[in-house]
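Residue numbers (the working numbering), protein chains in the order written: chain A, 1 to 400; chain B, 401 to 800.
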């Protein structure tokens with residue numbers, strides 16, 4: 001059955017507070033505790049004792065997800081059925097909403113020598129304003145290639161996005177980035193016969209770009225990766241009925257929610273900016289995604305104590321969020337990022353759901369091991385949204 | 401997604417120690433304890449306290465599996481999607497690797513009277529060397545039937561295997577074994593029109609065999625069951641990327657792993673032989689299946705204390721296995737065999753996964769009821785392999 005068919009509008013607010021990389025595994029150097037177990041989290045603990053707890057599997061058993069699949073699962077989509085290229089994620093992330101006849105490409109400036117050998121994959125880490133100047137130069141020199149429109153969009157540092165707009169574009173093309181310095185730029189090759197025309201077009205585009213860049217001292221080369229056509233994913237509101245707000249600081253997460261058609265403003269660089277935006281716009285929405293990045297960053301660094309700190313800081317923000325009196329508050333991760341692994345992992349996310357209509361598990365602390373005992377059980381993350389909607393009384397009875 | 405696509409090679413070793421029929425149910429005559437609860441297992445218990453525990457469902461809720469489906473599930477195959485005839489299992493079990501144009505048939509010698517009424521379904525339980533002599537006699541007298549090659553292969557006691565090799569063979573044919581003494585041999589009948597030709601061929605084969613056997617005092621008849629064409633199952637290494645070793649004493653389990661293309665040597669008759677083989681070949685493999693048969697045997701006999709003993713003996717072997725320092729050690733059953741039931745059962749398997757990157761549940765004993773509290777939760781057995789591969793860091797991140 002479709003959630004939209006059961007949806008009934010009401011004023012209830014659902015907040016998904018997503019602490020990126022929240023979950024961990026016991027660390028032998030820290031008394032075999034996880035970061036969440038080690039952290040002092042009085043606000044989370046009090047909330048947990050009044051909530052339903054559980055564990056959510058982002059994609060599938062043993063599968064470590066990237067942020068894309070992990071977030072689609074949070075938003076109720078089975079991520080195995082959603083295929084979105086990195087180019088599209090990047091394009092949406094910098095605010096470009098793709099149209100049907102477009103193909104997005106992730107592009108990096110790099111430094112090459114006279115034999116087209118890459119000497120610096122990041123063009124000497126040029127600064128954002130410098131990259132913006134060069135992208136502007138490309139924009140004014142290259143408008144189209146053989147009738148296909150070319151749009152250049154700045155990203156951050158050495159990164160930008162190229163949008164091709166025209167008929168019959170195909171994204172099954174190999175990267176031009178050899179992934180290593182000391183190697184030459186690769187030609188874009190078609191992976192299927194249908195992609196031959198687009199591959200030739202991309203090849204001419206690279207030549208045109210190199211020609212414009214030839215006098216640049218550092219950014220005189222370009223690397224292309226992750227070609228993608230417009231993703232074909234059902235809009236979140238069409239699927240659930242709910243008007244949705246996405247609050248995130250980082251382009252990747254903005255990109256994901258723009259693909260789903262959520263309202264995705266640019267409220268600022270800090271988590272505080274997100275909360276302030278939420279305070280003044282809560283009334284306009286039924287579903288709010290609120291992204292907290294810092295636990296993941298510390299986990300990726302392998303810094304146990306930094307992740308503990310990030311969790312404790314999140315705990316400090318909690319009273320402000322509770323003050324908004326959401327009807328349903330979910331606190332979870334998109335995926336785990338144990339500092340022991342210094343990377344995303346396959347371990348289920350500790351998850352908390354607070355609502356008047358959710359069981360009151362009475363479990364005293366919000367930790368991975370406690371979540372195992374919670375009334376939500378262990379479930380795939382893409383099942384969580386319907387439980388949240390039900391707890392907000394937004395889903396009618398199914399069947400007579 | 402396919403595990404092979406996420407696979408990344410490393411030196412980590414995964415050992416699946418499969419204690420056949422391990423799980424049980426509380427027995428009213430033994431303080432309502434299970435065999436695992438009753439047994440003294442200091443080594444398993446210590447290991448359990450440092451591992452992740454859980455329960456695995458071999459096939460589906462309430463479904464009692466045979467050894468075939470239960471093992472496919474352990475190896476990560478959804479057993480409902482794998483269909484392998486008993487004849488093929490038997491053929492692989494005795495070391496015959498089937499080819500595309502072959503059909504395997506399980507055959508038993510039996511004793512019949514002059515009216516072809518079966519007087520002993522096991523031919524007076526003839527000994528293996530006697531069976532081998534008669535199979536040799538069949539081999540030298542019957543080379544082919546109407547152009548289809550016939551290969552006879554000895555098994556154990558009164559059992560042997562017949563391989564037909566030729567064009568357009570079909571396995572939808574009825575057994576010739578009426579399953580009871582005092583009844584006559586049944587004719588092999590086609591179950592579908594396409595199998596008519598093969599059924600006629602099998603009929604002529606039975607006549608030819610009876611003619612060769614006519615002077616044998618005991619083994620003067622033959623019973624055919626479980627016709628099967630070559631199984632169409634994806635190779636384990638093609639599926640997972642891992643080079644795999646199978647260590648088992650019994651033909652059935654060797655057959656299963658040969659079908660999957662695992663290296664399946666014949667190291668000897670005892671569990672000790674398997675462990676010794678493992679010690680000297682561990683470095684050549686990434687995945688090792690190690691089969692311990694004796695808990696199942698005792699359970700099938702309905703002998704509670706014998707199963708307790710079998711579990712205690714397994715516990716004694718554990719230090720030797722731990723001494724090999726596998727990166728991931730899984731201890732589980734293929735299915736449960738409660739002595740109260742004297743048979744396989746549908747109850748989930750107690751399961752333990754030890755790895756640096758698995759949660760440390762801190763649960764003090766390895767029992768069915770304790771596994772229910774473990775962090776692996778209750779899951780289908782075919783999901784376990786990907787968790788083990790993830791815990792050995794053999795799976796890359798999926799998606800950006």
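Built from N, CA and C at the ideal position, the CB exists for glycine as well.
Any beta carbon of chain C sitting closer than 8 Å to that of residue 759/B? Absent from the structure: chain C. Protein chains present are A and B.
Along the segment 135–162 of chain A, where does the CB come closer than 9 Å to a CB of chain B? Name the residues. none
Does residue 346/A have its Cβ less than 8 Å from a Cβ in chain B? yes
Simplified DSSP state of residue 558/B, which is helix, strand or coil: coil
Residues of chain B with a CB under 7 Å from the CB of residue 66/A: which are they? 797, 798, 799 and 800
What residue range does the beta strand (DSSP E) around residue 646/B cover? 644–647
Compare the C-beta of residue 378/A against all C-beta atoms of chain B and say whether one is closer than 8 Å. yes
Under 8 Å, Cβ to Cβ, is there at least one residue of chain B near residue 32/A? yes
7 Å Cβ cut-off: residues of chain B touching residue 80/A: Within chain B, the residues whose beta carbon sits less than 7 Å from that of residue 80/A are 401, listed in sequence order.
Beta-carbon spacing of residue 678/B, residue 647/B below 8 Å: In this structure, residue 647/B lies closer than 8 Å to residue 678/B by Cβ.
Taking only the alpha-carbon atoms, compute the straight-line gap between residue 742/B and residue 461/B and give it to the nearest angstrom. 20 Å
Spell out whether any CB of chain B is found under 8 Å from the CB atom of residue 59/A. yes
Quick one: Cα of residue 403/A to Cα of residue 789/B, how far? Outside the shown range of chain A, which is 1 to 400, sits residue 403/A, and nothing can be said about it.
Can you check whether the C-beta of residue 781/B is within less than 8 Å of a C-beta belonging to chain A? So, not an interface residue.
Please check if any C-beta of chain B sits within less than 8 Å of the C-beta of residue 210/A. Chain B, which has no Cβ nearer than 8 Å to the Cβ of residue 210/A, makes this no.
Verify the CB distance criterion: does residue 37/A have a CB-CB separation below 8 Å to chain B? no
What residues match up with residue 255/A in a beta bridge as DSSP calls it? For residue 255/A, no pairing in a beta bridge is given by DSSP.
Between which two residues does the alpha helix (DSSP H) holding residue 93/A run? Unbroken alpha helix (DSSP H) run through residue 93/A: 86–93.
Need the endpoints of the beta strand (DSSP E) that residue 533/B sits in, please. Not the beta strand (DSSP E): residue 533/B falls in the alpha helix (DSSP H), residues 528–541.
Close Cβ partners of residue 94/A (< 7 Å) along its chain, the five nearest in sequence each way excluded: 153, 155, 161 and 251, listed in sequence order.
Continuous alpha helix (DSSP H) stretch holding residue 694/B: start and end: Unbroken alpha helix (DSSP H) run through residue 694/B: 694–700.
Test: residue 245/A CB closer than 8 Å to a CB of chain B: no
Between residue 526/B and chain A, is any beta-carbon pair separated by less than 8 Å? no
Are the C-beta atoms of residue 786/B and some chain A residue less than 8 Å apart? For residue 786/B, the answer is yes, since a Cβ of chain A falls inside 8 Å of its Cβ.
Tell me residue 350/A's beta-bridge partners as DSSP assigns them. 55/A
Would you mind giving the Cβ-Cβ distance between residue 584/B and residue 516/B, rounded to the nearest angstrom? I have them listed as a contact below 8 Å. A Cβ-Cβ distance of about 5 Å is found for the pair residue 584/B and residue 516/B, placing them in contact under the 8 Å criterion.
Secondary structure of residue 82/A, DSSP reduced to three states: coil
Decide yes or no for the touch test of the segment 627–636 of chain B against the segment 519–527 of chain B: beta carbon pairs closer than 8 Å, at least 3 of them. Judged by Cβ distances under 8 Å, the segment 627–636 of chain B makes no contact with the segment 519–527 of chain B, as fewer than three pairs qualify.
So does the segment 402–422 of chain B actually touch the segment 727–742 of chain B, counting three or more Cβ pairs closer than 8 Å? yes
Can residue 165/A and residue 142/A be called in contact, C-beta distance under 8 Å? no
Cutoff 8 Å: residue 192/A Cβ touching any chain B Cβ: no
Alpha-carbon spacing of residue 586/B relative to residue 610/B, whole angstroms: 13 Å
Residue 461/A - containing alpha helix (DSSP H), residue span: Past the boundaries of the shown model lies residue 461/A; chain A is included only from 1 to 400, so the question cannot be answered.
Which of helix, strand or coil does DSSP assign to residue 549/B? strand
Does the beta-carbon of residue 753/B have 16 or more other beta-carbons within 10 angstroms, so that it is buried, or is it exposed? buried
DSSP three-state assignment for residue 233/A, whether helix, strand or coil: coil
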